[in-house]
Amino acid sequence: MPQPPSAASRDEPVIRERGDACPGALRLHPADDGMLARIRLPGGLLGIRQASVLGLAADRFGDGHLELTSRGNVQLRGLGDGCGAGLAELLDGAGLLPAPSHERVRNIVATPVSDDVVPWVGELDRLLCASSRATALSGRFLFALDDGRGDVAALDPDVTVLAGGGLRRALVRLGAGAHAVEVAAADAPRAALLASEYFLDAADAAGTRAWRVAELPTEHVLQEGEFAARLAAVGVAAARVPDVAWPYAAPPQPWGPGIGDQTPLCVLPALGRLSSAQWRVLVQVADQGRGGLRVTPWRSIILPRASTRRPIDGYARLVSAGLVVAPDDPWQSVTACTGQPGCAKALADVRADARAVVAESTGALPVHWSGCERRCGHPRGTAWVDVLATGNDGYAMSVHGEPAVPVFRPDLAAALSAARNTSPTISESADAVKK
């Protein structure tokens, strides 16, 4: 089975022959179901007015739905030709396009259930938008601001900032390096920006047009010592920290109704896709709690201060809207790419197939359905079951890097359930299904 893109080894040099065509809010992408816009939300943070405008944009210009991405951003699909100017004007009026020249590089994920990193998000975004050098970053370069628990640090970011020392200090990691550089917490956003500029210098020297840190050839790999020296040269005190024990925390999951009047809720839309009507309910519940929304890179939404006291019972309203807010729901940890009919490369309607078997194929491992070998939006930083459409009414299924085995549509539920609940090879599960 071909490796997912993020799994490519540095022994396999990546040489880009074209520029980054990653879509944005201004650079729309043509798809089989119309144009696509991707709106970057640094840290996934959305104010009430901004969220309302996104719902309006979905109805006015798109297909009436909003999609959550694995970077904590929002996509609009089914956009008509010639809507770009109107969409940009609407988004700009809500503060969602602070720097048009930088809108595709504002890729910042942050611990969604913590307020501690919110100031970092705002400052890093401000620095990015003020940096002319940052415009050279690809739309795939990722910053992660982690409050110390290790949730977004596990998402293969290019630059990781990990809080520590009672939030007085921070570790900055380059790519997937074992080592880090320690700086004062107040200097963390600036250090993150300087790390991205260090990457750009290395990419220029390599001449391979790398988009991400992991794509740099070995002779141009980023070094923590050099990075610390660069920080010191601009007045940022830094110290190299070898062999950091990086923490890990699982993503937030729906945990049911909270206790008290103001409590966070984790909301999961099935397959990361909401109708504008569902989105409006989310916005209303968030507004009644006098809080905003936080889109997570796991295609869920955190409402930090949702109201759960009757007669304004946000939990009940979300359930009525068809959104997942309870633990152990079958939709937890199930994701899929767009598939047919929206993507010309897809070999199956993967979303429909996922819906057909979701209730019968629960398990511990996450599962991602892919319509083609690009595996768009697949999970990162964790073991997962790969369900890859192959055409001819079938899929190739694998887990834990084991060889893929063919599974036909009638056998999907049983094979997937076995794969998500066992650590042995999936071949044993497939044999069991055949018997």
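Under this note's numbering, the sequence shown is numbered contiguously, ending at residue 1441. We treat Cβ as the ideally placed atom computed from N, Cα and C, and that holds for glycine.
| Check | Outcome |
| --- | --- |
| Extent of the continuous beta strand (DSSP E) run through E1408 | Counting along the chain, E1408 falls outside any beta strand (DSSP E), and DSSP gives it neither H nor E. |
| Cβ pair count under 8 angstroms reaching 3, the stretch 1358 to 1378 against the stretch 1332 to 1347 | yes |
| Buried versus exposed, by CB contacts within 10 Å (16 or more), R1139 | exposed |
| The stretch 1070 to 1080 / the stretch 1288 to 1295 touching (three or more Cβ pairs under 8 angstroms) | no |
| Local conformation of S1435 per DSSP, three classes | Caution is warranted here: a pLDDT of 41 is assigned to S1435, below 50, making its placement in the model unreliable, and no coordinate value can be reported. |
| Cβ-based neighbour list, S1058, same chain, cut-off 7 angstroms, excluding 5 preceding and 5 following | V1289 |
| Alpha-carbon spacing of D1122 relative to L1173, whole angstroms | 8 angstroms |
| Residue from L1133, V1393, W1126, R1024 whose Cα sits closest to the Cα of A1169 | W1126 |
| Same chain, Cβ closer than 7 angstroms to V1242, five either side skipped, listed in chain order | V1189, D1193, R1196, A1197 |
| Contact check, D1153 vs A1159, beta carbons under 7 angstroms | no |
| Entirely enclosed alpha helix (DSSP H) segments - the stretch 1051 to 1100, minimum 4 residues | 1054 to 1067, 1090 to 1099 |
| Three-state secondary structure assigned by DSSP to S1306 | coil |
| Residue range of the unbroken beta strand (DSSP E) whose run includes S1281 | 1279 to 1281 |
| Own chain, CB closer than 7 angstroms to G1101, minus 5 neighbours either side, in chain order | Q1056 |
| C-alpha distance - G1088 paired with R1246, whole-angstrom precision | 51 angstroms |
| contact_flag[the stretch 1128 to 1147, the stretch 1225 to 1241] where n(CB pairs < 8 angstroms) is 3 or more | no |
| P1029 vs R1044 beta-carbon contact at 7 angstroms | yes |
| CB contact flag (P1412, G1400, <7 angstroms) | yes |
| Check whether G1078 and P1303 have beta carbons under 7 angstroms apart | yes |
| A1037: first and last residue of the uninterrupted beta strand (DSSP E) it sits in | 1035 to 1037 |
| Per DSSP, cross-strand counterpart(s) of V1373 | V1340, V1391 |
| Pairwise C-alpha distance: W1261 and V1330 | 10 angstroms |
| For R1381, the first and last residue of its enclosing beta strand (DSSP E) | Taken as a continuous stretch (DSSP letters only), R1381 belongs to no beta strand (DSSP E), as it is neither H nor E. |
| Test item: CB-CB of L1418 and V1363 under 7 angstroms | yes |
| For S1120, the three-state DSSP class (helix, strand or coil) | coil |
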